[in-house]
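J.: Be aware that the sequence shown starts at 1, since it is given in UniProt numbering, and climbs by one per residue.
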Amino acid sequence: MTIWSYDHMIFKSIYMETKIISCTGEKGGCGKTTLNIILATNLYHLYQKKVVLIDMDNPQYSVYKKRKRDLRQMGPTEMPIFPVERATVETLESLIKRYYATVDFIIVDFPGNLNEEMVRGLLYVEHIFIPFFLDELEIDSTAVFYKTLERNYLQNENRVLRSVNLFFNRYELVKVNKFDTVKKTLAKAGMPMMEQVVMERTVYRERYRNTLIPIPPTKENGELGLKRFMEEVIKISKN
Ligand SMILES: Nc1ncnc2c1ncn2[C@@H]1O[C@H](COP(=O)(O)OP(=O)(O)O)[C@@H](O)[C@H]1O
Ligand SMILES: [Mg+2]
Numbered sequence: 001m002t003i004w005s006y007d008h009m010i011f012k013s014i015y016m017e018t019k020i021i022s023c024t025g026e027k028g029g030c031g032k033t034t035l036n037i038i039l040a041t042n043l044y045h046l047y048q049k050k051v052v053l054i055d056m057d058n059p060q061y062s063v064y065k066k067r068k069r070d071l072r073q074m075g076p077t078e079m080p081i082f083p084v085e086r087a088t089v090e091t092l093e094s095l096i097k098r099y100y101a102t103v104d105f106i107i108v109d110f111p112g113n114l115n116e117e118m119v120r121g122l123l124y125v126e127h128i129f130i131p132f133f134l135d136e137l138e139i140d141s142t143a144v145f146y147k148t149l150e151r152n153y154l155q156n157e158n159r160v161l162r163s164v165n166l167f168f169n170r171y172e173l174v175k176v177n178k179f180d181t182v183k184k185t186l187a188k189a190g191m192p193m194m195e196q197v198v199m200e201r202t203v204y205r206e207r208y209r210n211t212l213i214p215i216p217p218t219k220e221n222g223e224l225g226l227k228r229f230m231e232e233v234i235k236i237s238k239n
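1) Who are residue 171's beta bridge partners in DSSP?
2) Could you tell me which residues DSSP puts in a beta bridge with residue 135?
3) With 16 other CB atoms within 10 Å as the buried threshold, where does residue 75 fall?
4) Is there at least one non-hydrogen atom of ligand 1 closer than 7 Å to the beta-carbon of residue 204?
5) Using the rule of at least 16 other Cβ atoms within 10 Å of the residue's Cβ for burial, across every protein chain shown, is residue 242 buried or exposed?
6) Near ligand 2, which residues have their beta-carbon less than 5 Å from any of its heavy atoms, given in chain order?
7) Report the rounded CA-to-CA distance for residue 135 versus residue 78, giving the unit in angstroms.
8) Alpha carbon to alpha carbon, what distance is there between residue 179 and residue 2?
9) Do residue 118 and residue 165 have their beta-carbon atoms positioned less than 8 Å apart in this structure?
10) Within the present structure, is the beta-carbon of residue 28 separated from the nearest heavy atom of ligand 1 by less than 7 Å?
11) Could you tell me which of 73, 235 and 107 sits nearest to residue 57, measuring between CA atoms?
12) Whole-angstrom Cβ separation of residue 156 and residue 198, contact assumed at under 8 Å?
13) Mind checking whether the beta-carbon of residue 121 lies closer than 7 Å to any heavy atom of ligand 1?
14) Check for me: the beta strand (DSSP E) holding residue 108 runs from which residue to which?
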């Protein structure tokens with residue numbers, strides 16, 4: 001055993017192996033923020049992962065403000081909560097350094113368009129999950145976004161980005177055939193689709209779009225709940 005790997009092992013045993021992930025994409029309204037919140041609350045409460053959620057959606061900071069509202073609504077509580085932080089491209093790196101090796105997941109919520117903030121911020125992300133809503137126009141714009149990521153990040157030798165994964169959000173069983181056709185089209189265009197999907201559910205939109213509590217498994221739709229999706233995200237993030 002070389003000194004390096006011995007040191008490395010000690011390092012690993014003391015520090016957490018942090019993964020930096022994000023549900024992102026270049027389109028607004030496809031569920032990025034909703035899913036980043038769901039990922040954070042579920043990883044933290046149901047999978048006992050240490051998490052920090054970083055809101056880069058400057059200047060709206062809707063997640064950061066939502067956390068404040070959620071806390072006000074909840075009132076005084078002893079419940080453990082994960083931190084929600086605000087960042088700009090200037091502060092992101094120092095914020096990541098502050099949390100790196102002390103949490104399992106750093107989850108970053110970006111704004112909904114490919115502005116400078118987003119492109120520079122993406123340099124830090126290891127696994128990108130792109131929610132895809134069934135819409136003809138989205139196929140083209142998502143393909144362009146994927147190719148941009150591939151060209152600028154995935155093919156770069158010094159890359160941090162390890163995987164880009166597309167998944168269907170707001171999946172509906174009544175449209176299985178439509179989803180299937182789109183999945184084939186995306187796969188043909190060389191885009192990596194996840195196995196699991198996130199269903200269209202009112203619980204993801206209303207009460208449980210919350211930064212303090214996860215969606216209780218009892219409110220889930222059994223087999224169609226988030227469990228499999230969460231497990232796929234965790235598995236991909238291990239790479
Ligand atoms: N799986 C889902 N089921 C039901 N509603 C959803 C789902 N995903 C997203 N939404 C709703 O879609 C809208 C846009 O979502 P949001 O997360 O704000 O998108 P983005 O961050 O990509 O702009 C919100 O009203 C949200 O509650
Ligand atoms: Mg958003």
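The beta-carbon is built from N, C-alpha and C at its ideal position, and this holds for glycine as well.
T.: In this structure, then:
1) 199
2) For residue 135, which the question treats as bridged, DSSP gives no partner whatsoever.
3) exposed
4) yes
5) The question about residue 242 has no answer, for the chain in this structure spans 1 to 239.
6) 32 and 33
7) 43 Å
8) Interpretation of residue 2 is limited by its pLDDT of 37, a score under 50 that renders its predicted location unreliable; the figure taken from the coordinates is listed afterwards. Roughly 51 Å separates the two Cα atoms.
9) no
10) yes
11) 107
12) With a Cβ gap of about 29 Å, residue 156 and residue 198 do not count as contacting.
13) no
14) 105 to 109
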